[in-house]
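To start, the structure itself, in structure tokens.
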Amino acid sequence: MRVELSRFRIKPDKANRVDEWLAMLNANMDEVKQTLIREEMKVEVIFRELIGDDEFLYWFSIQGEAGEEVNTSPFNVDHQHIAFFEECIDHAYGNHDAQPQVIMIPDAIARALGWADPPADAVTFVRREIVHRPPARLITEH
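When we follow my numbering, the leftmost residue of the sequence shown carries the number 16, and every step to the right adds one.
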């Protein structure tokens with residue numbers, strides 16, 4: 016399983032669009048749940064935070080290794096989700112990944128998720144910031 020927590024900065028003028036984006040996901044939860052199956056997404060939670068003048072979204076997820084990519088989805092909700100992401104996320108900031116150090120899951124939940132050894136999916140801490148950014152040419156196109 017992949018256990019991830021990623022932080023994305025919202026563009027300064029896009030807070031209202033993010034409101035619409037998250038409302039769209041909540042309003043289409045039946046279709047969202049269908050997409051989770053094809054992605055092998057066991058748990059996905061989006062958090063939102065304001066720090067000073069900057070707004071951030073955080074994605075926490077537990078996902079199987081063989082899940083389909085969201086950009087290959089046949090579902091309309093995923094196409095809308097990608098469009099909102101491209102419009103609202105500050106790609107120059109990149110996505111900042113935290114590193115899972117301790118994974119605590121009751122055995123019954125791990126079995127229900129088909130997760131044989133949750134503690135084994137913790138990673139060795141790397142003392143550096145982990146940031147993923149698209150190539151510069153893609154950032155300037157948005």
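Glycine is no exception: its CB is placed at the ideal position from the N, C-alpha and C atoms.
Pairwise C-alpha distance: K26 and L51: Near 26 Å, if we compare the C-alpha coordinates of K26 and L51.
Three-way DSSP call (helix, strand, coil) for H147 in this model: Strand.
Chain-order list of residues whose beta-carbon lies under 6 Å from that of D132 (same chain, five-residue window excluded): Cβ within range, chain order: n/a, list empty.
Between the CA atoms of R22 and A113 - distance to the nearest angstrom: Rounded to whole angstroms, A113 and R22 show a C-alpha spacing of 8 Å.
C-alpha gap between I145 and E19, whole angstroms: Our two residues, I145 and E19, have alpha carbons roughly 12 Å apart in a direct line.
Inter-residue spacing [alpha-carbon to alpha-carbon] between H96 and W36: Per the coordinates, the alpha-carbon of H96 lies some 7 Å from the alpha-carbon of W36.
Buried/exposed call for V141, threshold 16 Cβ in 10 Å: Under this definition V141 is an exposed residue.
Span separating the alpha-carbon of V47 from that of M39: Straight-line spacing of the CA atoms in V47 and M39 works out to 10 Å.
Closest residue to E80 among M16, H111, V92 (Cα-Cα distance): Ranking M16, H111, V92 by Cα distance to E80 puts M16 first.
Distance CB(W74)-CB(E59) smaller than 8 Å: Cβ distance < 8 Å, so W74 and E59 count as in contact.
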